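Q:
There are 2 protein chains.
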Amino acid sequence: MCKRTLQHPQVETPPPQPFLISLKNTLNEILFADDPFRKIRNESKTSKKIELGLRHVFPILEWARGYNLEYLKSDVISGITIASLAIPQGISYAQLANLPPILGLYSSFVPPMVYAVMGSSRDLAVGTVAVASLLTAAMLGKEVNAVENPKLYLHLAFTATFFAGLMQTCLGLLRLGFLVEILSHAAIIGFMAGAATVVCLQQLKGLLGLSHFTHSTDVISVLGSIFSQSHMWRWESGLLGCCFLFFLLTTKYISNKRPKLFWISAMAPLVSVIFGSLFVYFLHAQFHGVQIIGELKKGINPPSITHLVFTSPYVTLALKTGIITGVIALAEGIAVGRSFAMYKNYNIDGNKEMIAFGMMNILGSFSSCYLTTGPFSRSAVNYNAGCKTAVSNVVMAVAVAVTLLFLTPLFYYTPLVVLSSIIIAAMLGVIDYEAVMHLWRLDKFDFFVCLSAFFGVVFGTIEIGLILSVGMSVMRLLLFVGRPKIHVMGNIQNTEIYRNIEQYPQATTLSGLIILHIDGPIYFANSSYLRDRIGRWIDEEDERLRKRDENSLQYIILDMSAVGNIDTSGISMLEEVNKILRRRDLKLVIANPGAELMRKLSKSKFIDTIGKDWIHLTVAEAVSACDLMLHTAKPDSPEKISGGVPEFNNV
Amino acid sequence: MCKRTLQHPQVETPPPQPFLISLKNTLNEILFADDPFRKIRNESKTSKKIELGLRHVFPILEWARGYNLEYLKSDVISGITIASLAIPQGISYAQLANLPPILGLYSSFVPPMVYAVMGSSRDLAVGTVAVASLLTAAMLGKEVNAVENPKLYLHLAFTATFFAGLMQTCLGLLRLGFLVEILSHAAIIGFMAGAATVVCLQQLKGLLGLSHFTHSTDVISVLGSIFSQSHMWRWESGLLGCCFLFFLLTTKYISNKRPKLFWISAMAPLVSVIFGSLFVYFLHAQFHGVQIIGELKKGINPPSITHLVFTSPYVTLALKTGIITGVIALAEGIAVGRSFAMYKNYNIDGNKEMIAFGMMNILGSFSSCYLTTGPFSRSAVNYNAGCKTAVSNVVMAVAVAVTLLFLTPLFYYTPLVVLSSIIIAAMLGVIDYEAVMHLWRLDKFDFFVCLSAFFGVVFGTIEIGLILSVGMSVMRLLLFVGRPKIHVMGNIQNTEIYRNIEQYPQATTLSGLIILHIDGPIYFANSSYLRDRIGRWIDEEDERLRKRDENSLQYIILDMSAVGNIDTSGISMLEEVNKILRRRDLKLVIANPGAELMRKLSKSKFIDTIGKDWIHLTVAEAVSACDLMLHTAKPDSPEKISGGVPEFNNV
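So the sequences go chain by chain: F and L. Every letter in the first sequence is one number past the one before it in full-length UniProt numbering, and letter 240, counting from 1, is 240. Every letter in the second sequence is one number past the one before it in full-length UniProt numbering, and letter 19, counting from 1, is 19.
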């Protein structure tokens, strides 16, 4: 065995920190983990500081200076490509949200311009998304009927967008972006798949040419609504829809197989719209059961700031809708921005992005737009088309504006069934069954979180799915803290290393002592458990030794390497364990306590209780100290615990 | 430096476990952490098994066999002592709950008998408690007026008791006792102090002889109610109350100073009641503004099973009241049982205790009792009076029964003001300001949890206090998981030990590499944070090295000793970090991953990605591997990350 030749240093108690300083450090760590103002702080000149501050708020000032013609060329190409996707998708998703189709175009004009100024992603393409559209329809539709009361419904949609933007901005300003992280990856996969399933089923309405439909989103109501109206099905509409769906899925398949041909699937929706419109126009299909969009108003976004509804009872509905859709949109937008930033190796500040999203939704809600974010499909097309900066968003906005000003009459004959096909084709890709299989293989709990989100959305409502998955994810965290693992450690032969004997079966335990590794913080939620569990380990070890007639247990070494923190309940627990051990003639030894633990143990005088000599830097030292004592003498006979009177300070 | 002479073993991936077995183990660990059936399972004979099972359910079978005359003597003495406390306290607390005073006596008869058969504590004395009484009054009083509709109110109190008992039994049977642990020690201190403050203020009603009073419990309503009726104050009542309060507090002080004289404060309430009654009887004080109890019905508990209310709308009120009061009562009872068990060195099974509490409340609700638990003061008296077993509870019950059968007329003249004094004296002891100071010294966060519970109760309602404190406690757990500490490790001179350089300032960092210790599990809630924070550590280190013109950074060692678990988001994060590092020409090295981590890393092929040679058993080995490479060659040039097309699988 490798013998130590020098005495190791003692376990250190870090110097006490004034309360306010430690509070400041903690808050800094929670809110400013990425230290976004480092550059500004390091700068000495005030003018330079202001310049850096402005650049921080408006990233456009950062990249505009290096902008050149070559960038512009790339950005124009990618901007036009995404516009060709944005126009049909925008109209489709507005339909999904039960809003006038023109809103989809409006929403692809103002928000992208705002994002170009304030956003820090170079690849994100701004626009509306299917799930948030569906969510808007489901939540607003519960209380206001979009068909009977279209004006109020529209105004509530603007108001919800305003609240979503406000919330996003506030989260960003208060640096509370981490709250969005409560949606785990697994929850998002399940939630998205569930929402996509519901959206696809709802599109059967358009595909079959039905005009009445349920407002519920669960699978049972939707299917019920479809089959109860089977006498209303229009085969012409269905046939047309299936053809376009086949076309769209084929182009998608081609683009997936050959990434260089990405533009095929990017152009397919626009091509479908054009062909569909021509088909209706020449064959007069609108008289044969094929519903069409009808007239779209010419002109760019009218102002809508005066339409926001801040009167009860509707304001709470708008607020609730805004918060939920805002969070979902934020989660998608930030994940998308981050993943493309990773591909191109630049950094995105989540909190700054939130402010950009928030501002674009607030300004959007003033100019007849509804909720926008950074959809994955559009951003992927943008990226693949070779965009260089957010200028591609500006180009897209200009293209959409041109459409709004001059080309809207062209959409008169566009059949609704084409829009349904576009939505279905997009949504089928969202159901990511491979990711679900991956979850099952890797982490069963995540798999169940994902499933519960999926089934919650499909059989309940979208909110139920959200609540279920967030609830399960949080429960998992609490369970981790509530039931930290404790394992027995053994010595790895010929070393001074001690490891979990379950992971390293060759590690050998020593007679007369047991080494327990506590794998987590010691908090009120687990202190009773830890006390019971330590007791049980000792009982079991005692029993085992008695059966084998070996030396009885004398030392309990607690390896605290992984105990990151402790609260007052935890300290009481340790004191209690120490008392119990003393009564059983056992000695408690602590190995490798961390800074926080040492600070609290010394403040609570626990160190004095067990003796500073019984706190060691490593498990190996703790063992050799025990070893020494085992061979020389029994540990100090435990002092008699005063069986004193519990104080009369309670009822 | 201590050189290794032998090659250390490799890091092991534990063998894969079938899903069902690992699920079973996890559930066992969550629900049966203390393995309560070990003895029964180890027994081979069936008859013996049944016997052990019965003894498990009815601990009386365990201790009754060894019961002897000496025990009986002790138990009779302590039983009579606690009865003398139970009778006045019972009447007082029933008043507090706005219930007929006789219910306090009923509740000290049936429940203690049930507990004697099923409970496992030898020291717990069963009875009603002030806080649960107040809570019952506050919650039921919000919807049903106890003065206008006393019968319904009474029946709802029985029903709430029934539901409380049912919930307690279920928690125990389902082994969900750990749910009660969500109330941290700090939260309970604050909550109790707040409730005691409110109770004391409410007693001013009795003390000042007021007959009308607010139903709210917050300090502002209570004080408002008192001062708005200042013209109704009766000085006779107030003077009498102050005298008794002085007497009670003096006896309490004496008993606190001299624990052997515990019986002085134990007897004081009964003495007060006797003297108060005599005073009223002889001076006819009832005609001079001193309110009296009036007639109490003779006879033991009438059945009340037919009075339980299971019809809407009241059943939900009873259910809610039952669950909240039941949890509070449970938390107090189990904490008390546990602390006395620790003094006498025996074990208490929390889940079994819950079943005992639950059964005594269910049977209590059938026999005109309201919520009972194990109050601290009464149990402390029991303990100090030298009780040996739960027989002291039986003796108390018999004494109370004798009182009910023959002595109730004696309480006719008992002045209410004495009861108020008894309550105030008991409650003042609950405000444990020393414990609060201890919290402040030891753990600031716990201190704020405590304060928020206190102010929530005092200025809001009791429920608000509960929700605030539980919410803050849970937030702390989430914060721990959401923001795990990362610290830099350095080498402790002349050893192979690496430790936190903040805790051990003498530890030295090595040039060309940085060792980061992650102090917690890696979950969705912290994976973005960890990625950003690791990135920032590297940036800062890089900057520092550049300033000093030292070797640039080449290796990042992540010490995973404290990473107890990881989920799929965490694994994605590690993959992302690895990609980022490779792009920066840095090599990621993992040290000491635990069993769970290794299992998931190998399943996700992350190990293959970074190479098995870059996973080491200890930090020291990781360092020496890097060291070797630093002196021989640059790390393998990172493969080009395919900048490929993100898949078109999302919207």
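Where a beta carbon is used, it is the ideal one built from N, C-alpha and C, also for glycine. In this text the structure is predicted, and so the values were computed from the model without any measurement.
Leaving aside the five residues before and after Leu61 (chain F) along the sequence, list all residues of the same chain whose C-beta is less than 7 angstroms from its C-beta, in chain order.
A: Locating residue 61 (chain F) in the first sequence gives position 61, where the first residue counts as 1. The residues are Leu54, Arg55.
Q: Quick check: is the beta carbon of Phe163 (chain L) nearer than 8 angstroms to any beta carbon in chain F?
A: Along the second sequence, one-based indexing puts residue 163 (chain L) at 163. Chain F contact via Cβ: absent.
Q: Between Leu105 (chain L) and Gly127 (chain L), which are expected to be in contact by the criterion C-beta below 8 angstroms, what is the C-beta distance as a whole number of angstroms?
A: Working through the second sequence from its first residue, we reach residue 105 (chain L) at position 105. Working through the second sequence from its first residue, we reach residue 127 (chain L) at position 127. Not really, about 10 angstroms apart at Cβ, beyond 8 angstroms.
Q: For the region 481-505 of chain F, list every residue whose C-beta sits within 9 angstroms of some C-beta in chain L, in sequence order.
A: Of all residues in the region 481-505 of chain F, Val481, Gly482, Arg483, Pro484, Lys485, His487, Ile492, Gln493, Asn494, Thr495, Glu496, Ile497, Arg499, Asn500, Glu502, Gln503, Tyr504, Pro505 have a Cβ within less than 9 angstroms of some Cβ in chain L.
Q: For Asp532 (chain F), would you say it is in contact with chain L, using Cβ-to-Cβ distances shorter than 8 angstroms as the test?
A: Counting from 1 along the first sequence, the entry for residue 532 (chain F) is found at position 532. Judged by the 8 angstroms Cβ criterion, Asp532 (chain F) is in contact with chain L.
Q: Drop a sphere of 10 angstroms on the beta-carbon of Glu496 (chain F), count the other beta-carbons inside from all chains shown, and report buried for 16 or more, exposed for fewer.
A: For the purposes of this step, residue 496 (chain F) is identified with residue 496 of the first sequence, where counting begins at 1. Buried, by the Cβ-count rule.
Q: Using alpha carbons as the reference points, say which of L:Ser527, L:Ile580, L:Ser602 lies closest to Val180 (chain F).
A: Start at 1 with the first residue of the first sequence, and residue 180 (chain F) comes out as number 180. Taking only the C-alpha atoms, the option nearest Val180 (chain F) is L:Ser527.
Q: Taking C-beta to C-beta, are Val430 (chain F) and Met192 (chain F) nearer than 8 angstroms?
A: On the first sequence, position 430 is the one that residue 430 (chain F) refers to. On the first sequence, position 192 is the one that residue 192 (chain F) refers to. A contact, by the Cβ cut-off of 8 angstroms.
Q: Run through chain L and tell me which residues come within less than 7 angstroms of Ile87 (chain F), C-beta to C-beta.
A: Looking up residue 87 (chain F) in the first sequence gives position 87. Ordered by position in chain L, no residue passes the 7 angstroms Cβ test against Ile87 (chain F), which lies about 16 angstroms from the chain.
Q: Nearest-angstrom Cα distance between Ser265 (chain L) and Glu463 (chain L)?
A: Along the second sequence, one-based indexing puts residue 265 (chain L) at 265. Along the second sequence, one-based indexing puts residue 463 (chain L) at 463. Those two C-alpha atoms are separated by around 32 angstroms.
Q: With a threshold of 8 angstroms, are at least 3 pairs of Cβ atoms found where one atom belongs to the region 142-150 of chain F and the other to the region 365-378 of chain F?
A: At 8 angstroms Cβ cutoff, the stretches do not touch.
Q: Using C-beta distances below 7 angstroms, list every residue in its chain close to Trp63 (chain L), excluding the 5 sequence neighbours before and after it, in chain order.
A: Counting from one through the second sequence, the residue named residue 63 (chain L) turns up at place 63. Counting only Cβ-Cβ distances below 7 angstroms, and skipping sequence neighbours, we find Thr389.
Q: On a Cα-Cα basis, can you pick out the residue from L:Val327, L:Val336, L:Leu442 that is closest to Lys600 (chain F)?
A: Along the first sequence, read from residue 1 onward, the residue named residue 600 (chain F) stands at position 600. Per the Cα distances, L:Leu442.
Q: Pull out every residue of the region 372-399 of chain F whose Cβ sits closer than 9 angstroms to any Cβ of chain L, in chain order.
A: Those residues of the region 372-399 of chain F that come within reach of chain L (Cβ to Cβ, closer than 9 angstroms) are Pro375, Phe376, Ser377, Arg378, Ser379, Ala380, Val381, Tyr383, Asn384.
Q: Thinking Leu363 (chain F) and Val110 (chain F) are a contact (beta carbons under 8 angstroms), I'd like their distance in whole angstroms, please.
A: Within the first sequence, numbered from 1, the residue matching residue 363 (chain F) stands at position 363. Within the first sequence, numbered from 1, the residue matching residue 110 (chain F) stands at position 110. That pair is a contact at about 6 angstroms.
Q: Is there a Cβ from chain L that is less than 8 angstroms from the Cβ of Pro111 (chain F)?
A: To locate residue 111 (chain F), count along the first sequence from 1; it is residue 111. No, no contact with chain L.
Q: Indicate the three-state DSSP secondary structure (helix, strand or coil) for Pro15 (chain F) in the structure shown.
A: On the first sequence, residue 15 (chain F) is found 15 positions in, with the first residue counted as 1. Pro15 (chain F): coil per DSSP, three-state reduction.
Q: Use the C-beta contact count for Leu20 (chain L): other C-beta atoms within 10 angstroms, 16 or more gives buried, fewer gives exposed.
A: Residue mapping note: residue 20 (chain L) aligns to position 20 of the second sequence, counting from 1. Leu20 (chain L) is exposed by the Cβ-count criterion.
Q: Does the distance from the CB of Ile557 (chain L) to the CB of Ile515 (chain L) come in under 8 angstroms?
A: Mapped onto the second sequence, residue 557 (chain L) falls at position 557. Mapped onto the second sequence, residue 515 (chain L) falls at position 515. Their beta carbons are under 8 angstroms apart, which means Ile557 (chain L) touches Ile515 (chain L) by this criterion.
Q: Per DSSP, what kind of secondary structure is Gly127 (chain L) in: helix, strand or coil?
A: The sequence position of residue 127 (chain L) within the second sequence is 127, counting from 1. Gly127 (chain L): strand per DSSP, three-state reduction.
Q: Just to confirm, are Leu371 (chain F) and Thr136 (chain F) a CB contact at a threshold of 8 angstroms?
A: Residue mapping note: residue 371 (chain F) aligns to position 371 of the first sequence, counting from 1. Residue mapping note: residue 136 (chain F) aligns to position 136 of the first sequence, counting from 1. The answer is yes: Cβ separation under 8 angstroms.
Q: For the alpha helix (DSSP H) containing Val471 (chain L), list its first residue and its last residue.
A: Here residue 471 (chain L) refers to the residue found at position 471 of the second sequence. Checking the sequence, you will find Gly at residue 471 (chain L) rather than Val. Taken as a continuous stretch (DSSP letters only), the alpha helix (DSSP H) holding Gly471 (chain L) covers 462-482.
Q: Can you tell me the Cα-Cα spacing of Glu639 (chain F) and Arg584 (chain F), whole angstroms?
A: In the first sequence, residue 639 (chain F) corresponds to position 639, counting from 1. In the first sequence, residue 584 (chain F) corresponds to position 584, counting from 1. Caution applies to Glu639 (chain F), whose pLDDT of 41 falls short of 50 and renders its modelled position unreliable; the value that the coordinates give is listed next. Roughly 11 angstroms separates the two Cα atoms.
Q: In chain order, what residues of the same chain have a beta carbon less than 8 angstroms from the beta carbon of Pro303 (chain F), not counting five sequence neighbours either side?
A: Translated into the one-based positions of the first sequence, residue 303 (chain F) becomes position 303. Taken in chain order, the residues that qualify are Phe366, Ser367, Ser368.
Q: Closer than 8 angstroms, CB to CB, is Leu20 (chain F) near chain L or not?
A: Here residue 20 (chain F) is taken as the residue at index 20 of the first sequence, counted from 1. So no, Leu20 (chain F) is outside the interface.
Q: Can you list the residues of chain L that Pro16 (chain F) reaches, using a CB-CB cut of under 7 angstroms?
A: Your numbering for residue 16 (chain F) matches position 16 in the first sequence. By Cβ distance, chain L contributes nothing, its closest Cβ being about 11 angstroms from Pro16 (chain F), past 7 angstroms.
Q: Is there a C-beta anywhere in chain L that falls below 8 angstroms from the one on Glu647 (chain F)?
A: The residue labelled residue 647 (chain F) in the question sits at position 647 within the first sequence. Any reading at Glu647 (chain F) is ruled out, since the residue's pLDDT is 40, under 50, leaving its predicted position unreliable.
Q: Output the boundary residues of the beta strand (DSSP E) element that contains Leu513 (chain F).
A: Taking the first sequence and counting its residues from 1, the one referred to as residue 513 (chain F) is at position 513. Looking at the DSSP string, the run of the beta strand (DSSP E) that includes Leu513 (chain F) is 513-519.
Q: Can you list the residues of chain F that Thr342 (chain L) reaches, using a CB-CB cut of under 8 angstroms?
A: Translated into the one-based positions of the second sequence, residue 342 (chain L) becomes position 342. Here residue 342 (chain L) turns out to be Met, not Thr, going by the sequence shown. Under the 8 angstroms cutoff, chain F gives Glu576, Lys579, Ile580.
Q: Closer than 8 angstroms, CB to CB, is Leu416 (chain L) near chain F or not?
A: On the second sequence, residue 416 (chain L) is found 416 positions in, with the first residue counted as 1. Output row for Leu416 (chain L): interface = no.
Q: Helix, strand or coil for Val430 (chain F) per DSSP?
A: Here the question's residue 430 (chain F) lines up with position 430 in the first sequence. Three-state DSSP puts Val430 (chain F) in coil, outside helix and strand.
Q: Just reading off the beta strand (DSSP E) that Lys73 (chain F) is part of, what are its end residues?
A: What you label residue 73 (chain F) is simply residue 73 of the first sequence in a count that begins at 1. Here Lys73 (chain F) belongs to no beta strand (DSSP E); instead the alpha helix (DSSP H) covers 69-96.
Q: Here's the rule I'm using: 16 or more other beta-carbon atoms within 10 Å means buried, otherwise exposed. How should Thr306 (chain F) be labelled?
A: Taking the first residue of the first sequence as position 1, residue 306 (chain F) is located at position 306. With fewer than 16 other Cβ atoms within 10 Å, it is exposed.
Q: For Pro258 (chain L), is the classification buried or exposed, using 16 other Cβ atoms within 10 angstroms of its Cβ as the cut-off for buried?
A: Here residue 258 (chain L) is taken as the residue at index 258 of the second sequence, counted from 1. At residue 258 (chain L) the sequence reads Arg, which differs from the Pro that was named. Exposed, by the Cβ-count rule.
Q: Please report the residue range of the beta strand (DSSP E) in which Lys587 (chain L) lies.
A: Numbered from 1 along the second sequence, position 587 holds the residue referred to as residue 587 (chain L). Its beta strand (DSSP E) spans residues 587-591.
Q: List, from N- to C-terminal side, the alpha helix (DSSP H) runs of 4 residues or more that fit wholly inside the region 339-404 of chain L.
A: Segments of the alpha helix (DSSP H) lying fully in the region 339-404 of chain L: 350-366, 376-384, 391-402.
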